[in-house]
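Chemist:
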Amino acid sequence: MKHILIWVIVLGVLVSAGVYGFSYYQRTSSTADTGNGLFADYKNGTYTVGGTEVEFVDGKSEVAIVPGSAAQVVTQYFGNEVRGDVNGDGNEDISFLITQNSGGSGAFFYLVSALKEDGGYRSTNAVFIGDRIAPQTTEFKNGVIVVNYADRKPGEPMTNEPTEGKSLYLKYDATSNSFGEVVQNFEGEADPKKMSLTMKPWEWISSQYENGKQTLPNTPSAFVLTFNTDGTFSLKTDCNQMGGSYSVEGEKLTFSKIFSTKMYCEGSQETEFSQMLQNVAGYSFTSKGELILALKFDSGTSVFR
1 MKHILIWVIV LGVLVSAGVY GFSYYQRTSS TADTGNGLFA DYKNGTYTVG
51 GTEVEFVDGK SEVAIVPGSA AQVVTQYFGN EVRGDVNGDG NEDISFLITQ
101 NSGGSGAFFY LVSALKEDGG YRSTNAVFIG DRIAPQTTEF KNGVIVVNYA
151 DRKPGEPMTN EPTEGKSLYL KYDATSNSFG EVVQNFEGEA DPKKMSLTMK
201 PWEWISSQYE NGKQTLPNTP SAFVLTFNTD GTFSLKTDCN QMGGSYSVEG
251 EKLTFSKIFS TKMYCEGSQE TEFSQMLQNV AGYSFTSKGE LILALKFDSG
301 TSVFR
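114 is the number that my numbering gives to position 114 of the sequence shown; each next residue is one higher, with no gaps.
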């Protein structure tokens, strides 16, 4: 009889502990969604990074690259907060930097904003800032967010410490729910002779094919192509991180040894973009500051900015 009584007491304690443990998990680990896509705490919301929704819990997200894999894509709050009315609705919004790393050498920095509304916050799409940069300060001036950071000088390998100061001016666009770059001291034209593949990360804008088909990214800033000075490239897509080698001969450009992480994303444009990349035959620059990739057999072009 005593043994039976002891087991009843132990079982009661375990059930009680389980109930309270579950209740605590729900409070601390679930996104505080207030309805209509709003969330109460900007560090516990869902943001779109590179076309993929990322759910922050206490400022961090860890998702397996492949289900069951130990390798993870880690996205987390970095800081450099700045507060101000980003979208002009009279409310004080919160803008800050986040980082994303999938276990490789890259550490990708993005800016996002939590837009204040009645009842909570609504997230913007993340805008890519740079790979392995050294953030300094973030400011808000006259409706424009200014991200100050250090990067490598043109031609320097990624192994070098970032020492060159840069500033990125960003303005919110309600139509795309993202940010566009505000070019400072722009005189109307760029000089293609002074431009280079390694001068900056390139965002895919559109692809136009000979048969009249045009493809646009479903999510602005989802595809970002970076040429490194050591003959390698890195690519952030709307689903995975890719990389490989490239070679240049005059105006000829070839991509090779392309590899990718293996995350599956419903509706991703990654396959089409990857096929386009493998068919690149050459490149050129425009006076608008654009990079144009020409496809083999004059089958089309892709525009980057």
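Every residue, glycine too, gets a C-beta built ideally from N, C-alpha and C. As the structure is a computational prediction, the values presented were derived from the model and not from experiment.
In three-state terms, what does DSSP make of E62?
Modeler: Along the sequence shown, one-based indexing puts residue 62 at 62. In this structure, E62 counts as strand in the three-state DSSP scheme.
Chemist: Please work out which residues of its chain come closer than 6 Å, Cβ to Cβ, to T138, disregarding the five sequence neighbours upstream and downstream, and give them in chain order.
Modeler: Here residue 138 corresponds to residue number 138 of the sequence shown, with the count starting at 1. Same-chain partners within the cutoff: N80, V82 and V147.
Chemist: Under the rule that 16 or more other beta-carbon atoms within 10 Å means buried, what is V54, buried or exposed?
Modeler: As a position in the sequence shown, residue 54 is number 54, starting the count at 1. Looking at its Cβ environment, which holds 16 or more other Cβ atoms inside 10 Å, V54 is buried.
Chemist: To the nearest angstrom, report how far apart G231 and N177 are at their CA atoms.
Modeler: For the purposes of this step, residue 231 is taken as the residue at position 231 of the sequence shown. For the purposes of this step, residue 177 is taken as the residue at position 177 of the sequence shown. Near 34 Å, if we compare the C-alpha coordinates of N177 and G231.
Chemist: May I ask you to report which of helix, strand or coil DSSP gives D314?
Modeler: Lying before the first or after the last residue shown, residue 314 is absent from the chain, which here runs from 1 to 305.
Chemist: Taking C-alpha atoms, which residue in K236, C265, S268 and E249 lies nearest to I258?
Modeler: Translated into the one-based positions of the sequence shown, residue 258 becomes position 258. For the residues K236, C265, S268 and E249, the minimum Cα distance to I258 belongs to K236.
Chemist: Tell me whether M199 sits in a helix, a strand or coil according to DSSP, three-state version.
Modeler: In the sequence shown, the residue the question calls residue 199 occupies position 199. Helix.
Chemist: Can you round the beta-carbon distance between F78 and F39 to whole angstroms, since I take them to be within the 8 Å contact cut?
Modeler: As a first step, residue 78 is located in the sequence shown; it is residue number 78 there, counting from the start. As a first step, residue 39 is located in the sequence shown; it is residue number 39 there, counting from the start. Rounded, the Cβ-Cβ distance is 19 Å, inconsistent with contact.
Chemist: To which residues of the same chain is Q72 closer than 8 Å at the C-beta, ignoring the five residues directly before and after it?
Modeler: Stepping through the sequence shown from its first residue, residue 72 is reached at position 72. Correct list, in chain order: E62, V63, A64, I65, S102 and G103.
Chemist: Please identify the residue among E290, D298, S256 and E251 whose C-alpha is closest to the C-alpha of Y283.
Modeler: In the sequence shown, residue 283 corresponds to position 283, counting from 1. That would be E251, whose Cα lies nearest to the Cα of Y283.
Chemist: F255 and L277 - do their beta-carbons sit closer together than 8 Å?
Modeler: Sequence index remark: in the sequence shown, residue 277 carries index 277 (1-based). Sequence index remark: in the sequence shown, residue 255 carries index 255 (1-based). Taking 8 Å as the Cβ cut-off, L277 and F255 qualify as a contacting pair.
Chemist: Identify every residue that forms a DSSP beta bridge with G37.
Modeler: For the purposes of this step, residue 37 is taken as residue 37 along the sequence shown, with counting starting at 1. None, per the DSSP bridge assignment.
Chemist: Which residues mark the beginning and the end of the beta strand (DSSP E) in which S247 is found?
Modeler: Looking up residue 247 in the sequence shown gives position 247. Residues Q241 to E249.
Chemist: Out of N142, S167 and C265, which has the shortest C-alpha to C-alpha gap to P135?
Modeler: Position 135 of the sequence shown, counted from the start, is the residue given in the question as residue 135. Of N142, S167 and C265, the residue nearest in Cα terms is S167.
Chemist: Under 8 Å between the Cβ atoms of G300 and Q208?
Modeler: In the sequence shown, counting from the first residue as 1, residue 300 sits at position 300. In the sequence shown, counting from the first residue as 1, residue 208 sits at position 208. It is a contact, given that the beta carbons lie within the stated cut-off.
Chemist: Using only the heavy atoms of the ligand PLP, determine whether one of them is closer than 7 Å to the beta carbon of T138.
Modeler: For the ligand PLP, the structure offers nothing, since it holds no ligand at all.
Chemist: Excluding the 5 residues flanking G120 on each side, which residues of the same chain have their C-beta closer than 6 Å to its C-beta?
Modeler: If you number the sequence shown from 1, residue 120 lands on position 120. Result list for G120: T34, L38, F39 and A40, in chain order.
Chemist: Between which residues of its own chain and E164 is the CB-CB distance below 7 Å, once the five residues before and five after are set aside?
Modeler: Within the sequence shown, residue 164 is the residue found at index 164, counting from 1. The answer, listed in chain order, is A150, D151, R152 and K153.
Chemist: Between which two residues does the alpha helix (DSSP H) holding E272 run?
Modeler: Translated into positions along the sequence shown, residue 272 becomes position 272. Residues E270 to Q278.
Chemist: Could you give the distance in angstroms between the alpha-carbon of G88 and the alpha-carbon of K43?
Modeler: Against the sequence shown, residue 88 aligns to sequence position 88. Against the sequence shown, residue 43 aligns to sequence position 43. When rounded, the distance between both Cα atoms is 22 Å.
Chemist: Return the residue from the list G143, P192 and V248 that minimises the CA-CA distance to G90.
Modeler: The residue you call residue 90 lines up with position 90 of the sequence shown. The option with the nearest alpha carbon to G90 is G143.
Chemist: With DSSP run on the structure shown, which of helix, strand or coil describes P135?
Modeler: Sequence index remark: in the sequence shown, residue 135 carries index 135 (1-based). Residue state, collapsed to three classes: strand.
Chemist: T52 and D131 - do their beta-carbons sit closer together than 8 Å?
Modeler: Within the sequence shown, numbered from 1, the residue matching residue 131 stands at position 131. Within the sequence shown, numbered from 1, the residue matching residue 52 stands at position 52. Cβ atoms of D131 and T52: not closer than 8 Å.
Chemist: Just list the residues that DSSP pairs G84 with in beta bridges.
Modeler: Taking the sequence shown and counting its residues from 1, one reaches residue 84 at position 84. Looking at the DSSP assignment, G84 forms a beta bridge with D93.
Chemist: CB-CB under 6 Å to L293, same chain, minus the five flanking residues each way: which ones, in chain order?
Modeler: Indexing the sequence shown from 1 puts residue 293 at position 293. For L293, where only same-chain residues beyond five positions count, the Cβ hits under 6 Å are V280, Y283 and S302.
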